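Presented below is the structure to which this report refers.
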Amino acid sequence: MLAYLFRRLMSLILSLAVASLVIFLVVEVAPGDPASYMLGINAQPDTLAALRAELGLDLPPVQRYVAWVTGMLSGDFGTSYTYRTEVAGMIAQRLWVSLPLALYALVLSTLIAFPAGILAAARRGRAADVTVMAGTQLGVAIPNFWFAMLLVLLFAIKLRWMPSGGFPGWDDPAKALISLTLPAVALALPQAAILARILRSSLIDALGEDYIRTARAKGLTRWQALRRHGLRNALIPVLTILGLQFSFLLAGAIIIEQVFYLPGLGRLIFQSISQRDLIVVESVVMLLVFAVIVVNFLTDLAYVAVDPRLRR
Amino acid sequence: MKSLTLGALLTALFVIAAALSFLWTPGDVEAMNIAARLKPPSAEYLLGTDHFGRDILSLIMVGARTSIAVALVAVGIGMGVGVPLGLAAAATRGSLLDETLSRANDLIFAFPSLVIAILITAILGPGAVNAILAIGIFNIPVFARLSRAAALSLWKRDFILAARTCGKSRARISAEHILPNIANLLIVQGTIQFSLGILAEAGLSYVGLGAQPPVPSWGRMLADAQTMVALAPHVAIIPGAAIVLMVLGLNLLGDGLRDHLDPRLQKVRA
Chain X
0 MLAYLFRRLM SLILSLAVAS LVIFLVVEVA PGDPASYMLG INAQPDTLAA
50 LRAELGLDLP PVQRYVAWVT GMLSGDFGTS YTYRTEVAGM IAQRLWVSLP
100 LALYALVLST LIAFPAGILA AARRGRAADV TVMAGTQLGV AIPNFWFAML
150 LVLLFAIKLR WMPSGGFPGW DDPAKALISL TLPAVALALP QAAILARILR
200 SSLIDALGED YIRTARAKGL TRWQALRRHG LRNALIPVLT ILGLQFSFLL
250 AGAIIIEQVF YLPGLGRLIF QSISQRDLIV VESVVMLLVF AVIVVNFLTD
300 LAYVAVDPRL RR
Chain H
0 MKSLTLGALL TALFVIAAAL SFLWTPGDVE AMNIAARLKP PSAEYLLGTD
50 HFGRDILSLI MVGARTSIAV ALVAVGIGMG VGVPLGLAAA ATRGSLLDET
100 LSRANDLIFA FPSLVIAILI TAILGPGAVN AILAIGIFNI PVFARLSRAA
150 ALSLWKRDFI LAARTCGKSR ARISAEHILP NIANLLIVQG TIQFSLGILA
200 EAGLSYVGLG AQPPVPSWGR MLADAQTMVA LAPHVAIIPG AAIVLMVLGL
250 NLLGDGLRDH LDPRLQKVRA
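Residue numbers (numbering that gives the first Met the number 0), protein chains in the order written: chain X, 0 to 311; chain H, 0 to 269.
Spelled out as structure tokens, the structure:
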């Protein structure tokens with residue numbers, strides 16, 4: 000187990016190192032000089048040079064890369080070119096919108112997918128299964144931002160039950176949760192469709208195994224056998240997908256935030272891109288990639304904890 | 000068979016609409032007609048008009064062109080680069096090439112593709128070509144991984160052994176024996192990636208990083224419609240419905256093809 004852990008940890012570190020290099024290089028080739036962008040077209044050459052020196056833009060790329068990475072490791076994400084404030088602070092503020100949104104959606108997606116997937120597998124081939132599967136076909140085909148617009152149309156504009164956008168802050172948690180509800184539902188539904196399908200097929204596989212027959216032979220009902228033996232075994236692939244979904248939800252949140260005018264990481268990225276605030280772009284993207292890689296790593300570990308056969 | 004037919008019909012509908020738009024559209028997609036703006040569907044405008052008074056049916060037809068072109072070329076990039084890499088990795092199993100490719104694949108899979116696509120299009124500048132690139136890059140590991148896994152199982156088969164004893168090189172065996180045998184799988188995966196590409200293109204153009212005006216695209220029609228949802232719901236509903244129907248059609252086609260091409264897989268569908 001220790002050797003396995005060590006190997007996975009090394010590959011985690013390697014992934015993060017390569018990821019940071021790729022992001023740095025992509026941003027490096029970006030056209031447009033942040034300093035001249037900040038000072039406008041009438042900037043004097045010496046002011047430009049001074050600003051470039053202040054921002055560290057005059058250093059060679061290798062040095063800037065090392066400074067960026069070591070800075071991030073110590074929690075210093077640099078200073079925004081545009082706002083002259085700490086990038087770490089800007090991100091932390093936005094994270095309090097994006098992260099709860101992604102988690103909220105993850106919970107919703109699990110709450111929808113589990114009953115649906117279990118029902119479909121238990122009633123395989125019957126009306127309930129056909130309905131659930133048709134629903135999931137539709138669910139994976141719907142772009143979540145369009146679904147979000149439909150939700151706004153129905154619940155905010157026609158019924159006036161929910162706000163159509165914006166975020167009041169966490170001072171009033173109930174209000175904050177209400178304003179995150181429509182975005183979370185929009186994010187969750189397509190993911191729930193994928194999860195339900197995987198749960199269904201993985202359960203059906205498990206139900207065909209000998210141990211289910213044994214369980215039935217010793218007198219358990221179909222439902223008992225499914226719950227005690229089928230579900231446990233079917234959970235392993237589902238766990239992996241749950242880990243992957245976190246990455247989809249985080250990325251999906253970027254677009255959904257645009258629909259609901261939520262001040263999250265997505266808004267920060269688009270705003271920084273249009274202002275050539277490259278240090279912010281770099282850091283937000285790196286943070287998202289970091290989150291995804293670490294979640295995948297943790298999923299792998301959970302996977303192995305659940306199924307010892309995988310400790311190779 | 001049912002899903003194959005329905006999927007093929009839906010897909011054909013959009014392909015024909017897109018092809019037809021080169022020759023004829025019910026209305027002019029470039030001329031504004033402010034007097035007839037935001038009109039609901041009627042006999043004159045089958046799907047209504049947008050905020051510039053343009054015929055939405057025509058915009059959907061021309062938009063289909065953009066979606067199909069972007070997604071198709073992105074699949075082409077994925078297959079064109081991914082399949083040879085996957086075949087080479089399988090042919091030289093365990094070699095440095097194989098290991099490096101597998102590592103690189105894992106790494107690309109670890110990236111949240113949409114975030115990177117946003118980064119790429121933002122850096123290179125918005126536009127259809129860069130959207131194609133951003134989507135295409137993430138298709139490469141999908142095809143590389145699939146063709147490697149499929150090819151590996153074939154390399155153990157007797158007919159490959161026979162070909163090797165005849166003195167054929169690994170490259171020739173890959174091209175002449177492995178590739179034809181994994182073609183079915185590639186077609187099915189291609190259909191799925193095609194549908195994912197349509198969704199990705201819609202997402203990118205919705206946030207303004209896809210095809211630029213005046214080229215119509217479904218995603219941007221939705222972005223434009225957002226502020227007018229309350230006034231004229233059809234402007235927001237119709238382009239989204241087009242995306243859903245096209246993606247649904249492709250997914251059904253993919254499922255149907257899989258069942259049709261490989262009856263053994265019919266029992267369980269994920």
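From the three backbone atoms N, C-alpha and C, an ideal C-beta is built for every residue, glycine too.
All values reported here derive from a predicted model rather than from experimental measurement.
Open item on the list: Against chain H, which members of the region 230-251 of chain X pass a CB distance test of less than 8 Å?
Closed with: When C-beta distances to chain H are compared with 8 Å, the residues of the region 230-251 of chain X below that value are Ser246, Phe247, Leu249, Ala250 and Gly251, in chain order.
Open item on the list: Suppose you measure from the CA of glycine 134 of chain X to the CA of phenylalanine 23 of chain X; what does that come to, to the nearest Å?
Closed with: Position 135 of the first sequence, counting from 1, holds the residue named residue 134 of chain X. Position 24 of the first sequence, counting from 1, holds the residue named residue 23 of chain X. Distance between the alpha carbons of glycine 134 of chain X and phenylalanine 23 of chain X is about 42 Å.
- [ ] Give the secondary structure of glutamate 29 of chain H by DSSP, where H, G and I count as helix, E and B as strand, and everything else as coil.
- [x] Taking the second sequence and counting its residues from 1, the one referred to as residue 29 of chain H is at position 30. In this structure, glutamate 29 of chain H counts as coil in the three-state DSSP scheme.
- [ ] Measuring alpha carbon to alpha carbon, tell me which of H:Leu203, H:Leu71 and H:Ile159 ends up nearest isoleucine 186 of chain H.
- [x] Counting from 1 along the second sequence, the entry for residue 186 of chain H is found at position 187. Ranking H:Leu203, H:Leu71 and H:Ile159 by Cα distance to isoleucine 186 of chain H puts H:Leu71 first.
- [ ] Output, in chain order, the set of chain H residues within a Cβ distance shorter than 7 Å of tryptophan 145 of chain X.
- [x] The residue you call residue 145 of chain X lines up with position 146 of the first sequence. Against chain H, the beta carbon of tryptophan 145 of chain X has neighbours under 7 Å at Leu221, Gly239 and Ile242, listed in chain order.
Open item on the list: So within the region 139-178 of chain H, which uninterrupted alpha helix (DSSP H) runs reach at least 4 residues, ignoring any that extend past its ends?
Closed with: Secondary structure remark: continuous alpha helix (DSSP H) runs of at least 4 residues inside the region 139-178 of chain H, in chain order: 157-164 and 169-172.
Task: Contact with chain H by proline 142 of chain X, beta-carbon distance below 9 Å - done: Within the first sequence, numbered from 1, the residue matching residue 142 of chain X stands at position 143. Yes, because at least one Cβ of chain H sits closer than 9 Å to the Cβ of proline 142 of chain X.
TODO: For isoleucine 197 of chain X, I'd like the list of residues in its chain whose CB is within less than 7 Å of its CB, leaving aside the five on either flank, ordered along the chain.
DONE: For this step, residue 197 of chain X is matched to residue 198 along the first sequence. Here the set comprises Pro236, Val237 and Ile240.
TODO: List the residues of chain H that glutamine 270 of chain X touches, going by C-beta distances under 9 Å, in chain order.
DONE: Stepping through the first sequence from its first residue, residue 270 of chain X is reached at position 271. In chain H, no part has a C-beta under 9 Å from the C-beta of glutamine 270 of chain X; the shortest such distance is about 11 Å.
Open item on the list: Using only the alpha-carbon positions, how far apart do asparagine 250 of chain H and glutamate 85 of chain X sit?
Closed with: Translated into positions along the second sequence, residue 250 of chain H becomes position 251. Translated into positions along the first sequence, residue 85 of chain X becomes position 86. A direct Cα-to-Cα measurement between asparagine 250 of chain H and glutamate 85 of chain X gives close to 46 Å.
- [ ] Give the DSSP-derived three-state secondary structure of threonine 91 of chain H in the structure shown.
- [x] As a first step, residue 91 of chain H must be located in the second sequence, where it is residue number 92. In the structure shown, threonine 91 of chain H adopts coil according to DSSP, grouped into three states.
- [ ] Report yes if the CB atom of arginine 199 of chain X is closer than 9 Å to the CB atom of alanine 252 of chain X, and no otherwise.
- [x] Walking along the first sequence from the start, residue 199 of chain X turns up at place 200. Walking along the first sequence from the start, residue 252 of chain X turns up at place 253. At a Cβ-Cβ threshold of 9 Å, arginine 199 of chain X and alanine 252 of chain X do not count as neighbours.
- [ ] With 8 Å as the C-beta to C-beta threshold (strictly closer), list the residues of the region 108-119 of chain H near chain X in chain order.
- [x] Along the region 108-119 of chain H, the positions whose C-beta sits under 8 Å from a C-beta of chain X are Ala109, Phe110, Pro111, Ser112, Leu113, Val114, Ile115, Ile117, Leu118 and Ile119, read in chain order.
Open item on the list: At the level of alpha carbons, what is the spacing between glutamine 92 of chain X and glycine 168 of chain X?
Closed with: Sequence index remark: in the first sequence, residue 92 of chain X carries index 93 (1-based). Sequence index remark: in the first sequence, residue 168 of chain X carries index 169 (1-based). Cα-Cα distance, rounded: 10 Å.
Open item on the list: Counting C-beta neighbours from all protein chains within 10 Å, is the total for glycine 135 of chain H 16 or more, i.e. buried, or is it exposed?
Closed with: As a position in the second sequence, residue 135 of chain H is number 136, starting the count at 1. Burial check for glycine 135 of chain H: the Cβ neighbour count within 10 Å reaches 16 or more, so the residue is buried.
Task: Distance, glutamate 53 of chain X Cα to valine 35 of chain X Cα - done: Counted from its first residue, the first sequence places residue 35 of chain X at position 36. Counted from its first residue, the first sequence places residue 53 of chain X at position 54. Looking at the sequence itself, residue 35 of chain X is serine, so the reference to valine does not match. Cα to Cα, serine 35 of chain X sits roughly 13 Å from glutamate 53 of chain X.
Task: Cα-Cα separation between serine 2 of chain H and valine 139 of chain X, rounded to whole angstroms - done: Locating residue 2 of chain H in the second sequence gives position 3, counting from the first residue. Locating residue 139 of chain X in the first sequence gives position 140, counting from the first residue. Going from the Cα of serine 2 of chain H to the Cα of valine 139 of chain X covers about 15 Å.
Task: Among H:Ala210, H:Thr226, H:Val206 and H:Trp217, nearest to isoleucine 272 of chain X - alpha-carbon criterion - done: Here residue 272 of chain X refers to the residue found at position 273 when the first sequence is read from its first residue. The alpha carbon of isoleucine 272 of chain X has as its nearest neighbour, out of H:Ala210, H:Thr226, H:Val206 and H:Trp217, the alpha carbon of H:Val206.
TODO: Count the C-beta pairs between the region 64-77 of chain X and the region 103-110 of chain X that are closer than 8 Å, then say yes if the count reaches three, no if not.
DONE: Judged by Cβ distances under 8 Å, the region 64-77 of chain X makes no contact with the region 103-110 of chain X, as fewer than three pairs qualify.
Open item on the list: Beta-carbon within less than 6 Å of proline 238 of chain H's beta-carbon, same chain only, minus the 5 sequence neighbours each way: which residues are those?
Closed with: Mapped onto the second sequence, residue 238 of chain H falls at position 239. So the qualifying residues of the chain are Trp217, Met220 and Leu221.
Task: Rounded separation between histidine 259 of chain H and tryptophan 154 of chain H - CA only - done: Mapped onto the second sequence, residue 259 of chain H falls at position 260. Mapped onto the second sequence, residue 154 of chain H falls at position 155. Roughly 24 Å separates the two Cα atoms.
- [ ] Could you please give the first and the last residue of the uninterrupted alpha helix (DSSP H) stretch that includes glycine 255 of chain H?
- [x] Within the second sequence, numbered from 1, the residue matching residue 255 of chain H stands at position 256. Per DSSP, glycine 255 of chain H belongs to the alpha helix (DSSP H) from 232-260.
Open item on the list: Just to confirm before moving on: does the CB-CB distance between isoleucine 55 of chain H and valine 246 of chain H stay below 9 Å?
Closed with: As a working note, residue 55 of chain H is residue 56 in the second sequence. As a working note, residue 246 of chain H is residue 247 in the second sequence. In this structure, valine 246 of chain H does not lie closer than 9 Å to isoleucine 55 of chain H by Cβ.
Open item on the list: Within a Cβ cutoff of 7 Å, which residues of the same chain sit near glycine 229 of chain X, ignoring the five residues on either side of it in sequence?
Closed with: Counting from 1 along the first sequence, the entry for residue 229 of chain X is found at position 230. Cβ neighbours of glycine 229 of chain X beyond the five flanking positions: Leu202, Ala205, Leu206 and Ile211.
Task: For aspartate 54 of chain H: DSSP bridge partner residues - done: As a first step, residue 54 of chain H is located in the second sequence; it is residue number 55 there, counting from the start. H:Thr48.
Task: Whole-angstrom distance between glycine 265 of chain X and leucine 56 of chain X, CA atom to CA atom - done: In the first sequence, counting from the first residue as 1, residue 56 of chain X sits at position 57. In the first sequence, counting from the first residue as 1, residue 265 of chain X sits at position 266. Straight across, the Cα-Cα distance linking leucine 56 of chain X with glycine 265 of chain X is about 26 Å.
Task: N- and C-terminal bounds of the alpha helix (DSSP H) containing isoleucine 254 of chain X - done: Indexing the first sequence from 1 puts residue 254 of chain X at position 255. Its alpha helix (DSSP H) spans residues 230-259.
- [ ] Identify which residue in X:Ser79, X:Arg51, X:Leu72 and X:Ser19 has its Cα closest to the Cα of glutamine 270 of chain X.
- [x] Translated into positions along the first sequence, residue 270 of chain X becomes position 271. For the residues X:Ser79, X:Arg51, X:Leu72 and X:Ser19, the minimum Cα distance to glutamine 270 of chain X belongs to X:Ser79.
- [ ] Please classify glutamate 85 of chain X: does DSSP put it in a helix, a strand, or coil?
- [x] Stepping through the first sequence from its first residue, residue 85 of chain X is reached at position 86. In this structure, glutamate 85 of chain X counts as strand in the three-state DSSP scheme.
TODO: Tell me whether the beta-carbon of arginine 162 of chain H lies closer than 9 Å to the beta-carbon of glutamate 175 of chain H.
DONE: Along the second sequence, read from residue 1 onward, the residue named residue 162 of chain H stands at position 163. Along the second sequence, read from residue 1 onward, the residue named residue 175 of chain H stands at position 176. According to the sequence shown, residue 162 of chain H is alanine rather than arginine. Yes; because the gap between Cβ atoms is below 9 Å, this pair is in contact.
- [ ] Report the rounded CA-to-CA distance for glutamate 27 of chain X versus leucine 244 of chain H, giving the unit in angstroms.
- [x] Translated into the one-based positions of the first sequence, residue 27 of chain X becomes position 28. Translated into the one-based positions of the second sequence, residue 244 of chain H becomes position 245. The straight-line gap from Cα to Cα measures roughly 40 Å.
Task: Coil, strand or helix - threonine 78 of chain X by DSSP - done: As a working note, residue 78 of chain X is residue 79 in the first sequence. Annotated three-state conformation of threonine 78 of chain X is strand, per DSSP.
Open item on the list: Please determine whether the Cβ atom of alanine 187 of chain X lies at a distance below 8 Å from any heavy atom of the ligand FMN.
Closed with: This structure lacks the ligand FMN; in fact it carries no ligand of any kind.
- [ ] Would you identify the three-state DSSP class for glutamine 274 of chain X, choosing helix, strand or coil?
- [x] Against the first sequence, residue 274 of chain X aligns to sequence position 275. Reduced to three states, the DSSP call for glutamine 274 of chain X is coil.
Open item on the list: Could you check whether the Cβ of alanine 29 of chain X sits closer than 9 Å to any Cβ belonging to chain H?
Closed with: By one-based count along the first sequence, residue 29 of chain X stands at place 30. By this cut-off, alanine 29 of chain X is an interface position.
Task: Whole-number beta carbon distance between glycine 196 of chain H and leucine 145 of chain H, since they are thought to touch under 8 Å - done: The count along the second sequence starts at 1 and reaches residue 145 of chain H at position 146. The count along the second sequence starts at 1 and reaches residue 196 of chain H at position 197. With a Cβ gap of about 16 Å, leucine 145 of chain H and glycine 196 of chain H do not count as contacting.
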